[in-house]
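All remarks here apply to the structure that follows.
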Amino acid sequence: MQFIEGKEALLALINRFRNDYSEYKDSKSIFNEQMTRQQYIDPFLKLLGWDITNSKGVSFYDREVVAEEYANRKDRPDYTIRIHGAPIFFVEAKKVNVAIESDKNSALQARRYGWNAGHSISVLTNFDYLAIYQTYENPSESDESSTFRYKLYHFEEYLDKFEEIYSLLSYESVRNGDFQKWISDITPEDATKLTLDSVFLKDLNRWRVTIASDLIQSENKYFADKGNLNEAVQQFLNQIVFLRFAEDNHLEDSEILKKLLNKKLNAASFLLQLDKKYNAGIFNDSRVVGNLSGTTLNDIVMSLYFPQSSYDFSVIDLSILSRIYENFLQEEINIVDGTPKLEKTRDAKIKSVVSTPDELVKLMVHKVLEPKISGKNPSEILSLKIVDLAVGSGIFLIEAYNYLENYLADWYGKEMGESPSPLLIPYKDKSKLIESVLYGFDINFQAVQLTRFSLILRVLLNENSNRLTELPILPNLKKNIIHGNALIDETDVDMKNLNIEDIVEIVPFNTDENRVLLYDIVIGNPPYLTTEDIKKSTPITEINVYKEKYFSAYKQFDKYFLFIEKALEILNDDGRVSVLVPNKFVTIASGIKIRQLIKEKQALVSIVDFGVTQLFHGITNYVSILEMSKNHNNSFTYSRIGSIAEAYEKREFEYDIHKLSEKTWFLTNDLKFKNQYEFAANHFPSIKEEINTPNGIQTSKNSFYVIDKKYIVADLGDILKFEKNGESFYLEKGIARDFYQSSGRVQGKSYQSLSADKLVIFPYENSKLIPIEQMLVKYPNAWEYFQKHKEELLPKQLGGSRDVQNNPSESNWYQYGRTQFLTESTEDKIIVGVMSNQPNFNIDRNGYLFASGGTAGYISIFMRDESPYCLEYIQAWLSHPFTDKIFRTLGSDFDNGFYSHGTYLYDEIPILPVDFGNEQQALIYSNIVTVVKKIEKINSTITNEVNSQKLSSLERQKVAMILSVNSQIDSLLSERMGDLYE
């Protein structure tokens, strides 16, 4: 519905509500919550663009609004607002005569729902009022109705403030990203410390240590083994969490854990009964509970109930729980001096695992499953085989279950002529999904246990206890969620002679106990481990198998190459692979064999490339979704996108697979960006009109001219003493300049402080070489140093080996190899790393010298005298994602995501012009410059800060400021380009 039409419909709705208002507010009113929802809240959500009745006819999985049935139980949110299957926020409804503007319980309920689901906001409304609550923090019993309330609207304000409400809560706002922008603006930078993820993980880790303390003090020797201790603690926590989950989902009596605590139940006996009832391996060991102190058990149990916590396991999204457990797996209990402590696992020390974002998992599952299951009946669905070869905590399998369950809910709904519901699916079908459809492997036993646990919780989520009459209720998942190495089986190694330590580490797949299957779907996010990381974490026996068994184990291969190859090997003839892998596999030298394999098999179906978009929290990963099949495809699709949401729009270009190069694959498809760049090139001036881009110095013998400051052993006033190759030398400070240089390729990024840890001998004044006679008078120590190394400095033209231009002779043999950048400048400049894997433009206010550019080294940027712009604006513009994308497109690409920023590009780089006569544009320009200067100040503070917590806060503040700068440039671009930049 158009916005204007929406306001007209809203006016009619308000007038109708106003006419009967006194009746609705009467304490004896029969106008209940169901009527409020049907007559007012449903239409209001529709006016905000939400498809409340599923008029689009999309699947149950893709519905924008999932509303609880009016007669359903009242401990679930009334509406779940979603996009692309991902919940965004809840709407909790009350009848009109509930005073939600002051009712603490209603506010607490809405906030608890949102917090448990990991949402940023929840909406509470009875149409009389509409309240928006922030939900990043654990609600407390003492909170007032106004606590964390961001907005409160009375129905008489709806019309005047409809534009504001629409901008906050509409489908359009969520779809175009405005929703996330305003959420980000109002959410504190440290909010992640207060979310369910952080709080529950913190509780789990605290409980782990407390439980371990009790167990190691017990007389039971079983717990003296570290492996047994970790496994036992995890299993007990699973038991506790499962029971709280069962309570909240009405599968067990409420507060059953408290009954255990009050000794109304015999704990060991009760756990054995539960083992018979559920038969999933969760309750088959009761050793822990018998060795816990009453204090420990009380602490854990009470921490799981309100008011000590707000956990609601009927609302907690199990993908969040999987993410929490993935972080849980990064640490293990170690006993240090008799005291249990949590320490990073060996693998986590080498490379931390970061959970795949939920939205990305949903996208991958949707893309790979939708065409595979379309039109299938339940019997055909239940005959599928779906596998994750490195399952972790099971997030991909959980989402695959979600998708299949929703598909079956649609199917049974149509068959029965009822609204889709998971409760229409026979429970035996749901049980079969987790037992014989979903498969997973992992070499980490705890990961396998947690995946089994997550799947068991998922199949029971929102189940009806009346349907769970046949015992045992749950299947045992040992035969499909397998502790084993997906890359290596027992036929690859000499099991008889392999030492037990290697067997434990390698965990070869047991082909006798486990059938070798071909799969319809292979999905997941395999480990990314460079050859160096593999060497640090993997037995040499396993590495040798990689090299012998896998075609893609070539030179400096990455481990994910092997998973791609393995996925193709175990795929059915009509199967499909969908894996998340670094996007550099299409170009890097070490990937030549995996590219060759994919091309020869004509396996490529699609690549969804996220380019430089960062999807993972707290880690930099440039990733793409790679889809493959065995269909001998002649073509494939490629899309390079900037967000997960864009992937649903399917803006793809088709490529002929036969035309792919044997070396690297050059792929691009962003027609919109192409149009944007062409507009900028035609309507914006070239940045070269505003800047000069000279190269740095080129000595042609840095090993002589450049002195690392760590070799300076004494400061003697005007003289420095330094050591080189075991000899001592002296150097006048007047001939030395600070020299900026990083080792290897430039790995810095924009908005950093520059520091020079080297000196360079600079025998020039006013761009002229200092004559020998003047050197003898002013810089005798330096001249002695030159004379000592004359043989290695002598130019080729004079019988030496150094490459020197500009007519070298006996009178100037000590000159630099090139004459560029010999004029000392006190002007501020930007130093640019020519080869960089991200924007790398940093302001130098110290007059540093630096190494010349070309295809390596550095260039500089100086402002032209007549330019109206300042260096801070140039830095902001060149560091902005739009400009960076131009560099990526025009510049030469190198391995590991590096690309060129050389001087030859700047003629093709436009500058975003500012109309200084336009007050708004001038203000934005001023704001950008101000924030960039503030970033510089923060950098100075960061450099000197030693407190890690303050340092972390400063870094987060800096990130926020950079985002702010980029956002303001976005607004200028939008104004200049109009719809082209939307």
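Heads up, the sequence shown is in our numbering, so the first residue is 18 and it goes up one at a time.
For each residue, glycine too, the CB sits at the ideal point set by N, CA and C.
Residue range of the unbroken alpha helix (DSSP H) whose run includes residue i
i	result
Gln613	609-617
Ser623	Segment 621-626 is the beta strand (DSSP E) holding Ser623; no alpha helix (DSSP H) there.
Asp267	Note that residue 267 is His in the sequence shown, not Asp. Premise fails: His267 is in no alpha helix (DSSP H) and is neither H nor E.
Leu60	Rather than Leu, the amino acid found at residue 60 in this sequence is Pro. Counting along the chain, the alpha helix (DSSP H) containing Pro60 begins and ends at 59-64.
Tyr567	Careful: Tyr567 lies outside any alpha helix (DSSP H) and carries neither H nor E.
Leu377	375-390
Gly430	412-433
Pro395	395-398
Tyr958	Residue identity differs from the one stated: residue 958 is Thr in this sequence, not Tyr. Looking at the DSSP string, the run of the alpha helix (DSSP H) that includes Thr958 is 936-961.
Beta-carbon spacing of residue i, residue j below 8 Å
i	j	result
Asn600	Tyr639	yes
Gly409	Glu343	yes
Ser869	Asn712	yes
Val625	Ile642	yes
Ser331	Asn561	no
Asn798	Glu844	no
Leu786	Arg754	no
Glu118	Ser162	yes
Arg304	Asn237	yes
Ser569	Ile587	no
Ile398	Leu414	no
Val598	Tyr577	yes
Ala417	Leu441	no
Tyr295	Pro489	yes
Val140	Val108	yes
Leu472	Ile451	yes
Asn133	Ser235	no
Ile412	Thr373	yes
From the options, residue whose alpha carbon lies closest to that of residue i
i	options	result
Ser884	Ser853, Val931, Leu218	Val931
Thr637	Val562, Val629, Leu399	Val629
Phe61	Tyr41, Leu28, Asp37, Asn71	Leu28
Pro324	Lys576, Thr654, Leu989, Leu125	Leu125
Ile1002	Leu771, Leu65, Phe259, Asp214	Residue 1002 cannot be examined here, being either before or after the span of the chain that is shown, 18 to 999.
Ser767	Val982, Ile551, Val378	Val982
Phe217	Ile350, Leu485, Lys389, Asn155	Asn155
Gln938	Ser310, Ser988, Ser623, Lys727	Ser988
Leu176	Tyr694, Gln769, Val454, Ala26	Ala26
Arg1011	Arg93, Asn114, Lys112, Val83	The question about residue 1011 has no answer here: the residues shown for the chain are numbered 18 through 999.
Ala365	Leu346, Val353, Asp354, Val524	Leu346
Lys1072	Lys967, Tyr146, Gly102, Asn71	The chain is shown only over 18 to 999; residue 1072 falls outside these bounds and no answer can be derived.
Ala620	Asp537, Asn651, Ser607, Ile609	Asn651
Pro702	Leu929, Leu494, Val976	Leu929
Thr654	Lys647, Glu518, Lys73, Arg668	Arg668
Phe34	Leu377, Ile661, Val524, Tyr57	Tyr57
Ala116	Ser157, Tyr130, Leu169, Ile609	Leu169
Residue i Cβ short of 7 Å to the ligand GDP heavy atom set
i	result
Ser453	No copy of the ligand GDP appears in this structure; indeed no ligand is present at all.
The beta strand (DSSP E) enclosing residue i, as first and last residue numbers
i	result
Tyr639	No beta strand (DSSP E) contains Tyr639, which DSSP labels as neither H nor E.
Gln151	146-151
Arg593	588-599
Glu740	736-741
Ala503	502-506
Ser286	Note, Ser286: premise wrong, no beta strand (DSSP E); alpha helix (DSSP H) at 284-295.
Leu776	775-778
Ala208	Element bounds for Ala208: n/a, residue is neither H nor E.
Pro439	Where Pro439 is concerned, there is no enclosing beta strand (DSSP E), given that its DSSP letter is neither H nor E.
- [ ] Give, in chain order, every unbroken run of the alpha helix (DSSP H) that is at least 4 residues long and sits entirely within the segment 850-881.
- [x] The segment 850-881 contains no whole alpha helix (DSSP H) run of 4 or more residues.
TODO: Ignoring anything shorter than 4 residues or poking outside the segment 316-351, list the alpha helix (DSSP H) runs there in chain order.
DONE: Counting only unbroken stretches of 4 or more residues, the alpha helix (DSSP H) elements lying wholly within the segment 316-351 are 335-345, in sequence order.
Open item on the list: For the segment 465-478 against the segment 272-288, do three or more pairs of beta-carbon atoms, one drawn from each stretch, fall closer than 8 Å, so that the two count as touching?
Closed with: With the cut-off at 8 Å, the segment 465-478 and the segment 272-288 do not touch.
- [ ] For the segment 852-860 and the segment 914-926, state whether three or more C-beta atom pairs, one from each stretch, are separated by less than 8 Å.
- [x] The segment 852-860, when compared against the segment 914-926, does touch it at the 8 Å Cβ threshold.
Task: Contact the segment 492-508 vs the segment 452-462: 3+ CB pairs below 8 Å - done: These segments touch.
Open item on the list: Please give the ranges of any beta strand (DSSP E) in the segment 125-205, keeping only runs that are unbroken, at least 3 residues long and fully inside the region.
Closed with: Here the runs fully enclosed are 138-142, 146-151, 166-171.
Open item on the list: What ranges does the beta strand (DSSP E) occupy inside the segment 659-698, keeping only unbroken runs of at least 3 residues that lie completely in it?
Closed with: Runs of the beta strand (DSSP E) lying entirely within the segment 659-698 and spanning at least 3 residues, in chain order: 670-673.
TODO: Please specify which runs of the beta strand (DSSP E), each continuous and at least 3 residues long, are wholly inside the segment 696-733, giving them in chain order.
DONE: The segment 696-733 contains these whole beta strand (DSSP E) runs: 723-725, 729-732.
- [ ] Give a yes or no on contact between the segment 364-383 and the segment 429-444, applying the rule of three or more CB pairs nearer than 8 Å.
- [x] With the cut-off at 8 Å, the segment 364-383 and the segment 429-444 do not touch.
TODO: Give a yes or no on contact between the segment 769-784 and the segment 722-733, applying the rule of three or more CB pairs nearer than 8 Å.
DONE: Counting Cβ pairs under 8 Å, three or more are found: they touch.
Task: Three CB pairs or more closer than 8 Å across the segment 399-406 and the segment 533-542 - done: Yes: at least three Cβ pairs fall under 8 Å.
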